[in-house]
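The opening residue of the sequence shown carries number 38 in the numbering used here; numbering runs sequentially from there. Yeah, the Cβ is synthetic: ideal placement off N, Cα and C, and Gly gets one too.
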Amino acid sequence: MTPTRRPVTRAITRTCGGLGQGQGRISKRSAAASNDTGRVNGEDNHKTSHPNKLPQQHKAVASASLSERKLASWSRHSASSPFPDFDHPSAKECQIAHHVLQDMHGDTVKANFAQGDEPVADGQYTSVMDALVVAALSQATSWKNAKRAMNHMKQVYGSAFAYDAIVEGGVDKLRDALRPGGMQNRKSKILIGLLQDVKSRHGRWDLQFLFNASDEEVVKEVVSYWGLGPKCAHCLMSICLKRDRFAVDTHIYRLSGLWGWRPHDAGVEKVQAHLDHRIPIEIKFALHYEMIVHGRECRACASGIEQSLKCPVRKALHSSQVEP
């Protein structure tokens, strides 16, 4: 069964968790950094002097030049593939993968959409602010770890979205609240900075205006916050804002390599741009979720053996290529 678009915050979590995780593997972040021992991305493990303020050198607001570089990086390939001579995946290959994955994982994908901890009133749009917070917390970790962190935030603050209480409590308290999910040093700075900057910029914690913004305006807004990049923006556009964008998590990045859908040495952002332009619009949303579930459950693909045809998807793709 093809999943229909549902503006649910939990969908953001399942999407963006892998994005950060894949990014972490590419940068070869050490296990020590992931556990917040020693240093995280070059930042010292330290306590802040004031519970409501970040140290000047760690203010969670992207500099103008950094934001501009992030936006420019996305804009370069927003209208075309960075690999114009790389012909895979074809529309036919995408359809084949979609149909096989639908048969294999359709029930699981449907069950994922039926689950969730946060209710959605009358099926209406979720809060973009809440969705972006979940996306930020889900970076560089798994859904399981993100859920641990948010569940502990509920215990500490009453809700993962109790923004007044979170900001009032400051970085130290938030760091402890996020500890069960790991990477609490960096994520506490990202979240506090995001909340402070949104409130300062817009007067309230409300980003609903992004529903009416262009894709470029959405990316520009998201990357202007320290710690958030184009991948997080794609996640927000694809799931919450219901745009025809394809977000790449660690499973999709790995599978696209095994299936021959990208150059082997291509980075995540360029792969995201490439697949965004190669995958037919009508199956982007469904294929995204199907590939994530497949990446978690297919033992043949988990083995990383490129020539293995034990995976039904790879077998079907191979057969389509050798047909006369």
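#### Entry: Cβ pair count under 8 Å reaching 3, the segment 252-261 against the segment 217-225
no
### Query
What residues are listed by DSSP as bridge partners for Y290?
According to DSSP, Y290 bridges with nothing at all.
### Task
Determine contact between the segment 260-279 and the segment 103-123, defined as no fewer than three beta-carbon pairs at a distance below 8 Å.
yes
#### Entry: At least 3 beta-carbon pairs within less than 8 Å: the segment 195-204 vs the segment 142-149
no
### Message
Using the Cβ count rule (16 or more neighbours within 10 Å means buried), how would you classify G332?
### Response
buried
### Query
Rounded to the nearest angstrom, how far is the Cβ of L354 from that of E130, given a contact under 8 Å?
6 Å
### Message
To the nearest angstrom, how far is the alpha carbon of E306 from that of R280?
### Response
18 Å
### Selection from V170, P300 and M166 that minimises the alpha carbon distance to F248
M166
### Task
Take every Cβ of the segment 109-120, pair it with every Cβ of the segment 294-310, and state whether three or more of those distances are shorter than 8 Å.
yes
### Message
According to DSSP, simplified to helix, strand and coil, what is S112?
### Response
helix
### Query
Which residues in the same chain as A270 place their Cβ atom closer than 7 Å to its Cβ, once the five residues preceding and following it in sequence are excluded?
V255, V256, V259 and V260
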